[in-house]
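S.K.: Structure below; questions to follow.
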Amino acid sequence: MANKMRHDAAPSWSHYQEKLSQLTKRSYPPEGLKLIKEAFDFAAEVHKDQRRFSGEAYMHHPVAVSLNAASLQLDTKTIAAALLHDTVEDGSTLRDIKKHFGEEIAFLVKGVTKVNKIKYQGVERAAENMRRMFLAIAEDIRIVILKLVDRLHNMKTLWALPSVEKQRRIATETLEIYAPLADRLGMGELKAELEDLAFRYVHPKEYQWIQKEVSRKIPEREAYLKNIIPIVQKALRREDIRSFEISARAKHHYSIWKKLLKYEKDWGRVLDLTALRIVLPDIEDCYATLGIIHSLWPPMPGRIKDYIALPKPNGYQSLHTTVFCTNGKPTEFQIRTRDMHRESEYGIASHWLWAESEKPEGGTRFVGKKFSWVKQMQTWQKEFRKNKGSGKEFLESLKIDFFKDRIFVLTPKGDVIDLPEGATPIDFAYHVHSEIGDHAGSAKVNAKLVPFHYQLSSGEVVEILTQKNRKPSLEWLKFVKTSQAKSRIRHTLKEKGSVEYFKRKK
Ligand code: MN
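Residue -7 is where the sequence shown starts when you use our numbering, and the numbers rise one by one after that.
This is the structure in structure tokens:
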């Protein structure tokens, strides 16, 4: 299991600093480094007599969390806040932090501490915890990223926790809340790491089984890829594509497990345990490379996915294809540009990759266009509080609106609209604008009229034709999927004093 080496001594500043520059491959401006050093010394002093369950000096934890934050290229204030993130619970006060480190860092530390307060115990608490997390997203996304990297390190040291019950509870929470959250923030690597770390505690037997099977199959697989890679390299060079990196990427245990569940535990149908990834300078090279691979080996129908033209809702972009390689072996290729690759690793955090000097004043609330849902969530959360919904209800609606599988459809202008699976043209209409929903007269999908309860699929072009005198119908509540549409329909019906609506209420 995890590395059980004891670290009795606290980590030193020089060791930390060395790691920091290794991870970020950059040198910090002197004032930035000074700030980080001050945070380091402050935290070291507060935690000096504390140990973790593993027996190691407590300081190893904030150091690991802060190095994780740094490797996501977050700004120096966030790196400092990561060092300080547990000090308020352990002897220091927010006032101290504000005095020493200023408003912004105190704000980040306070945010992380607030989210920490509630522990996962059944659905009510989970909902509350999640609600806090989303409030934090709305306030400053860096708080949530800190929470995620904090959880990552806690998962890595979960083996040291004395209670198996507790291990399971924390791992379950990681699987149900933190990993989906990392996914929605586009942080693919982090999500996969959290899932794999949680998997062994939540489903220990299944984990062992996958582990055993994978290690049995891997050597054969590797030998096979060793033959495939040079063929691809040669073909690309022949077409004058020279600047590329090609690498094999082992699929994560948890995603293999999920596939197995889908295919009745038939290993034969889990096509590959390894995918080949090709990273190139620009988009044209990506499509050219896809063509070259298809000229080498026939593609498997239905497995070509163009997430460049139609990115996933979390912003993920790549071309995917599975081809019948040598001996007819199905092999998956993932093709992307360097920028896309970076985004898929860092997700929303890659939006902080700006030089610190360019950072807008108080620019902590910056959210790229791809993550406009973060803003939507803020509004939604406010609505929810106004209507005084219960925690359970909130969790349910979150699961449906936020975590369940998504589809993406297009407006006639080609904008991508992200909706939950099973969404209808009415959900689409309310997503675009509440006025369009309220006055929807008819709906067209790929230029053909469809009924309002029609279930949309990814890639369809949806058009809503409005009529001034139309208004929502009570019937719509029976088939719409999003809370946004539901609450707006109720609202409008109430406002218009719909006889129908009040009759039903009695
Ligand atoms: Mn912590």
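Idealized CB from N, CA, C, for every residue including glycine. These figures come from a predicted structure and were not determined experimentally.
Using the DSSP secondary-structure output, state which residues sit across from residue 316 in a beta bridge.
M.R.: 322
S.K.: Along the chain, which unbroken stretches of the beta strand (DSSP E) at least 3 residues long are found entirely within the region 230 to 318?
M.R.: 237 to 242, 266 to 272, 311 to 316
S.K.: Mind listing which residues have their beta carbon within less than 5 Å of any non-hydrogen atom of the ligand MN? Chain order is fine.
M.R.: 78, 142
S.K.: In the DSSP output, which residue or residues are listed as bridge partners for residue 458?
M.R.: DSSP, once it has assigned bridges, lists 432 as partnering residue 458.
S.K.: Starting from residue 442, follow the beta strand (DSSP E) in both directions and report where the run begins and ends.
M.R.: 440 to 442
S.K.: Note down the Cα distance separating residue 61 from residue 136, rounded to an integer number of angstroms.
M.R.: 11 Å
S.K.: For residue 43 and residue 82, I'd like the C-alpha separation in whole angstroms.
M.R.: 12 Å
S.K.: Who are the near neighbours of residue 436 in its chain, counting only those whose CB is closer than 6 Å to its CB and skipping five residues on each side?
M.R.: 455
S.K.: List the DSSP bridge partners of residue 453.
M.R.: 402
S.K.: Apart from the five residues just before and just after residue 231, which ones in its own chain have a Cβ nearer than 6 Å to its Cβ?
M.R.: Counting only Cβ-Cβ distances below 6 Å, and skipping sequence neighbours, we find 284.
S.K.: So within the region 131 to 209, which uninterrupted beta strand (DSSP E) runs reach at least 3 residues, ignoring any that extend past its ends?
M.R.: The region 131 to 209 contains no whole beta strand (DSSP E) run of 3 or more residues.
S.K.: Less than 7 Å between the beta carbons of residue 480 and residue 433, yes or no?
M.R.: no
S.K.: Please classify residue 191: is it buried, with 16 or more other beta-carbons within 10 angstroms of its beta-carbon, or exposed?
M.R.: buried
S.K.: From the DSSP output, read off the bridge partner residues of residue 18.
M.R.: Answer is none; residue 18 lacks a bridge partner.
S.K.: Using the three-state DSSP reduction, which class does residue 472 fall into: helix, strand or coil?
M.R.: coil
S.K.: Going by beta carbon distance, what residues of the same chain come within less than 7 Å of residue 8, once the five residues before and after it are set aside?
M.R.: 32, 55
S.K.: Closer than 8 Å is the cut-off here; do at least three beta carbon pairs connect the region 290 to 303 with the region 154 to 163?
M.R.: no
S.K.: Taking DSSP's pairing of strands, which residues face residue 56 in a bridge?
M.R.: Answer is none; residue 56 lacks a bridge partner.
S.K.: Compute the Euclidean distance between the alpha carbons of residue 149 and residue 46, then round it to the nearest angstrom.
M.R.: 7 Å
S.K.: From residue 40 to residue 18, what distance separates their C-alpha atoms?
M.R.: 29 Å
S.K.: Could you check which residue in 469, 250, 486 has the C-alpha nearest to that of residue 478?
M.R.: 469
S.K.: Pair every Cβ in the region 303 to 316 with every Cβ in the region 176 to 189, then say whether three or more of these pairs are closer than 8 Å.
M.R.: yes
S.K.: Compute the Euclidean distance between the alpha carbons of residue 288 and residue 331, then round it to the nearest angstrom.
M.R.: 26 Å
S.K.: Please say whether residue 38 and residue 84 have beta carbons closer to each other than 7 Å?
M.R.: The Cβ-Cβ distance between residue 84 and residue 38 falls below 7 Å.
S.K.: Within the chosen definition, does the region 263 to 282 reach the region 242 to 251 through at least 3 CB pairs nearer than 8 Å?
M.R.: By the Cβ criterion, the region 263 to 282 is in contact with the region 242 to 251, since at least three pairs of Cβ atoms, one from each stretch, lie closer than 8 Å.
S.K.: Does the beta-carbon distance from residue 171 to residue 158 come in below 7 Å?
M.R.: The Cβ atoms of residue 171 and residue 158 lie no closer than 7 Å to each other.
S.K.: I think residue 442 touches residue 420, with their Cβ atoms under 8 Å apart; what is that distance to the nearest whole Å?
M.R.: Wrong, their Cβ atoms sit about 11 Å apart, outside the cutoff.
S.K.: Can we say the region 327 to 341 touches the region 268 to 277, given the rule of at least three CB pairs closer than 8 Å?
M.R.: yes
S.K.: Quick one, are the C-beta atoms of residue 138 and residue 174 less than 7 Å apart?
M.R.: In this structure, residue 174 does not lie closer than 7 Å to residue 138 by Cβ.
S.K.: On the DSSP letters alone, give me the boundaries of the alpha helix (DSSP H) that residue 331 sits inside.
M.R.: First-last of the alpha helix (DSSP H) with residue 331: 330 to 338.
S.K.: In three-state terms, what does DSSP make of residue 80?
M.R.: coil
S.K.: Would residue 239 be called buried (16 or more neighbouring beta carbons within 10 Å of its own) or exposed?
M.R.: exposed
S.K.: Just how far apart, CA to CA, sit residue 209 and residue 258?
M.R.: 14 Å
S.K.: Check whether the Cβ atoms of residue 167 and residue 194 lie closer than 7 Å to each other.
M.R.: yes
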